[in-house]
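There are 2 protein chains.
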Amino acid sequence: MKTDNLRIDLDRLLGRLDDLATVGAIDGGGVCRLALSDEDKAGRDKVRGWMTDLGLAVTVDGIGNVVGLRPGQEDGPPVMIGSHIDTVATGGRYDGNLGVLAGLEVVAVLNDAGMTTRRPIAVAFFTNEEGARFHPDMMGSGVHQGDLSLETALAADGIDGATVGAELARIGYAGDAPVGAVTPHCFLELHVEQGPVLEEEGITIGAVTGVQGISWTEYRFTGVSNHAGTTPMGMRNDAGYVAAAVAMEARSIARDMGGNQVATVGTIELGPGLVNVIANEARVTVDLRNTDDKALMAAEERMAAFVTGTAGAEGVGMESRSLARFAPVDFDPAMIDLVAGTATALGHSVKRMPSGAGHDAQMFAPNCPTAMVFVPSKDGISHNVAEYTAPEDLRAGADVLLQAALSKAGEA
Amino acid sequence: MKTDNLRIDLDRLLGRLDDLATVGAIDGGGVCRLALSDEDKAGRDKVRGWMTDLGLAVTVDGIGNVVGLRPGQEDGPPVMIGSHIDTVATGGRYDGNLGVLAGLEVVAVLNDAGMTTRRPIAVAFFTNEEGARFHPDMMGSGVHQGDLSLETALAADGIDGATVGAELARIGYAGDAPVGAVTPHCFLELHVEQGPVLEEEGITIGAVTGVQGISWTEYRFTGVSNHAGTTPMGMRNDAGYVAAAVAMEARSIARDMGGNQVATVGTIELGPGLVNVIANEARVTVDLRNTDDKALMAAEERMAAFVTGTAGAEGVGMESRSLARFAPVDFDPAMIDLVAGTATALGHSVKRMPSGAGHDAQMFAPNCPTAMVFVPSKDGISHNVAEYTAPEDLRAGADVLLQAALSKAGEA
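Protein chains in written order, with my numbering: chain A, 4 to 415; chain B, 4 to 415.
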């Protein structure tokens, strides 16, 4: 069975992307489909309908993950293609959706060709990848792969007070398929890069080598609120100063460590927040990422020591708590080679690169051969209505996904 | 006429302080009497009533300043004692009120002694010293001394959309006395220090040498909102980083310049304000103060150059605007000597010191001999319900005010 010449239908893929983007559409071309909301239900119904139309056998598991299975010539673990269709509140139309709809496109191409692969192919979308409404993110894939217990996930509270379990039942996606029952032969995810590297370097395909480890820490500082004019500099306990110093140190850590170490302070809040009052309260968050867990730990330790020293010197109280911690994930070398080689064979430029963002694929990586395909994001923008990937790049990424999946589905 | 042995009645002064603090009382022992609010009206009515009870001839001018006049043996410009009774939203019971009620205590002592001073004595409270509801602060004293036009002041919008003119009319304090009609012989103001210096050094009386110049600048930075994980450090335009750098530079400026240069960043606001999103918006305010206007200008210039350079290097857009600018004010040397000498003669420790905060007195300083008396603030706290000055310090300050005023009122 020769499949090398099979290609996705760009118009059909764009049509489904456009159609799904009408569900929860917001101004500017973006989408708001927070996990387990009415909009998410409507999006789920639409994609599940497409799965059924394509002849897939659809199951919904206890955390609301939806899996459509296309049988192979042989039984056994399927080649799984998956991502998510939930979005952040001001999301774009590509993030997550592309990976799921490109998976459907793989199925459609095979249907059109009348071909049955040796191994089954599964297309899946996982609940609450974004974590925008419920904590933690990558919830559905985490439960699917045993990283998170179903009970914990169902009990998670949302930012609006709702719980995952109640919302799943409300929208009719508390399914009866057991979680973790399907351990795939391998896992593939196509996703927009959500960063500027591919566009900046003029490269079409990213062969993702793994996912950066992520460390989020919140610091709260307690100083003394005093008059900006009457309090000598040497008698200050300025919580805002310490918060600002943390932001500067984050930049210094990234600069000094180099490599792919990144450090971001996206939140600084001062209280009382007045021009002429020394801040007695400050809250600051630090986001540290590295592909090397030892390096990430070194960054964490340097920041912790800096904070302790700086708060102490300023006479400011300090509390810290970890908001999130994911160890770096390495994808399977053979799978990375497959993605890179497939891209090259199809005539596309390719770069091996880590992912700076978390993805469902990382939950599969410890348990089965896993890799991801990145396509460029215009201006590196994501989680924003301005998110955009050019149609030709979508085509290239979906074709790499198709050929990589067919290669794996033909394996003995 | 011998007046050296006259002393204020502490219980009477404390009684009026306690009584006035019931108007607009808030939890923790503080007061909320925002300028021209219903609470301010109630406070005004109470103090005006006390003025009348003490036999003062009360006038209200076009900006709502209330002046009570005690005639002297001779006509002519009075020795004026004044301050304010409006408060910030979470104000204490001493700030402003002390200076006004100690002025009434001076009158009461003279009434009890049956004495008439050579010059008249006036006790005044001025509208909207705090600037917490209407901009600018020191409004009433500014209009009184011609620093601000009555028309501009009446048109000022409040944080709640009300205007000064309408609110004055509403509460019945749009008076008919002409503004600026009374140019005093001299001006004296007793006030809590609102800073920690006197307490820290164990000194009872501050002989205030002048008021620090104040420079408030707001900076707004516009960067690019991008993913904290996927955006390499070298491709960032991080508005939050620049804001944090401004806060650090403020500290450096104060440290490098020394003397009484102070620098405060009390406000840092980032947008969108998420852990994992590089800030595309930041707002930061800088409060610089110095008693030397040339030094203050040097501090302003250094900050402006730093901001321009840092925003430029980060590729972040920058806008700045001045929120306030008062040149330093020097009080009259002979008046400062009078305050210091009176304190010493009364057996109190005294320190000559600048005021880090703005006060009504500074509006009088260019036009008549002016000085201020400071008493310690516990823990340097002010603009806070925890504001506190010990009764014995109140007594000391009020006695210095009394004796200094009597000295001036006896002058030919």
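We put the CB at the ideal spot given by N, CA and C, even for glycine.
V26/A and R15/A closer than 8 Å at C-beta: Between V26/A and R15/A, the CB-CB gap reaches or exceeds 8 Å.
I need the straight-line Cα distance from V195/A to D21/A, nearest angstrom please. 16 Å
Please identify the residue among V280/B, G261/B, E252/B, G106/B whose C-alpha is closest to the C-alpha of V268/B. E252/B
Which full runs of the beta strand (DSSP E) of 3+ residues lie inside the stretch 254-293 of chain B, going along the chain? Look at the stretch 254-293 of chain B and you find these whole runs of beta strand (DSSP E), each 3 residues long or longer: 265-274, 284-293.
Quick one: what's got a C-beta closer than 8 Å to L17/A's C-beta in the same chain, skipping five residues either side? P394, L397
Can you list the alpha helix (DSSP H) stretches of 4 or more residues lying completely in the stretch 186-237 of chain A, in chain order? 200-204
By the three-class DSSP mapping on this structure, what secondary structure does L39/B have? coil
Alpha helix (DSSP H) containing A172/A: first to last residue? Per DSSP, A172/A belongs to the alpha helix (DSSP H) from 167-174.
What span of residues does the alpha helix (DSSP H) with F309/A cover, start to end? Following the DSSP letters along the chain, one finds F309/A inside the alpha helix (DSSP H) bounded by residues 296-317.
Quick check: what's the CA-CA separation for G318/B versus Y244/B? 11 Å
Does the distance from the CB of R286/A to the CB of E272/A come in under 8 Å? yes
DSSP state of D179/B, grouped into three classes? coil
Give the straight-line distance between the Cα atoms of A246/A and F224/A, rounded to the nearest whole angstrom. 8 Å
Would you call G71/A buried or exposed, if buried means 16 or more other Cβ atoms sit within 10 Å of its Cβ? Around the beta-carbon of G71/A, 16 or more other beta-carbon atoms lie within 10 Å, marking it buried.
Find the nearest neighbour of A374/A within the set V403/A, T120/A, D56/A, judged by alpha-carbon distance. V403/A
Would you give the residue range spanned by the alpha helix (DSSP H) that E395/B belongs to? 394-412
Listed from N- to C-terminal order along the chain, which residues in the stretch 187-219 of chain A have their beta-carbon within a distance smaller than 8 Å of any beta-carbon of chain B? E196, Q197, G198, P199, V200, E203, Q215, I217, W219
Helix, strand or coil at P357/B [DSSP, three-state]: strand
8 Å Cβ shell around L326/A - same chain, five flanking residues per side excluded: Apart from the 5 residues on each side of it in sequence, L326/A sits with its Cβ closer than 8 Å to the Cβ of W219, T220, E221, T288 in its chain, given in chain order.
Note the first and the last residue of the continuous beta strand (DSSP E) segment covering M83/A. 82-86
Given G67/B, which residues of its chain have a CB within under 6 Å of its CB, disregarding the five upstream and five downstream residues? Answer for G67/B: T130, L171, Y176, listed in chain order.
Beta-carbon proximity of V416/A to A412/A, cut-off 8 Å: Residue 416/A falls outside the range modelled here, since chain A spans only 4 to 415, and no answer is possible.
Selection of the stretch 14-47 of chain A by Cβ proximity to chain B, strictly under 8 Å: For the stretch 14-47 of chain A, which is checked against every Cβ of chain B, not one residue is closer than 8 Å.
Once the 5 residues before and after M260/B are set aside, which same chain residues still bring their CB inside 8 Å of it? N293, A298, A301, A302
Whose C-alpha, out of F329/B, K5/B, G75/B, is nearest the C-alpha of T119/B? The option with the nearest alpha carbon to T119/B is G75/B.
Closer than 8 Å to chain B by CB, A368/A: no
So, does the stretch 83-93 of chain A touch the stretch 371-390 of chain A, judging by three or more C-beta pairs under 8 Å? Taking 8 Å as the limit for Cβ pairs, the verdict is that the stretch 371-390 of chain A does touch the stretch 83-93 of chain A.
Please check if any C-beta of chain A sits within less than 8 Å of the C-beta of I384/B. yes
For S323/B, which residues of its own chain have a beta-carbon under 8 Å away from its beta-carbon, when the five flanking residues on both sides are left out? T220, E221, Y222, R223, A307, V310
Work out the CA separation of A337/A and P181/A for me, nearest whole Å. 30 Å
Cβ of Y244/B within 8 Å of any chain A Cβ: Contact of Y244/B with chain A is assigned, a C-beta pair being separated by under 8 Å.
Under 7 Å Cβ-Cβ, which residues of chain A neighbour I281/B? T267, G269
Within this structure, are the beta carbons of V146/A and A158/A separated by less than 8 Å? no
Beta carbon of P379/B nearer than 8 Å to that of T207/B: yes
Report yes if the C-beta distance between N240/A and V227/A is below 8 Å; otherwise report no. yes
Where does N69/B fall in DSSP's three states? One detail in the question is off: residue 69/B reads as Val in this sequence, not Asn. Reduced to three states, the DSSP call for V69/B is strand.
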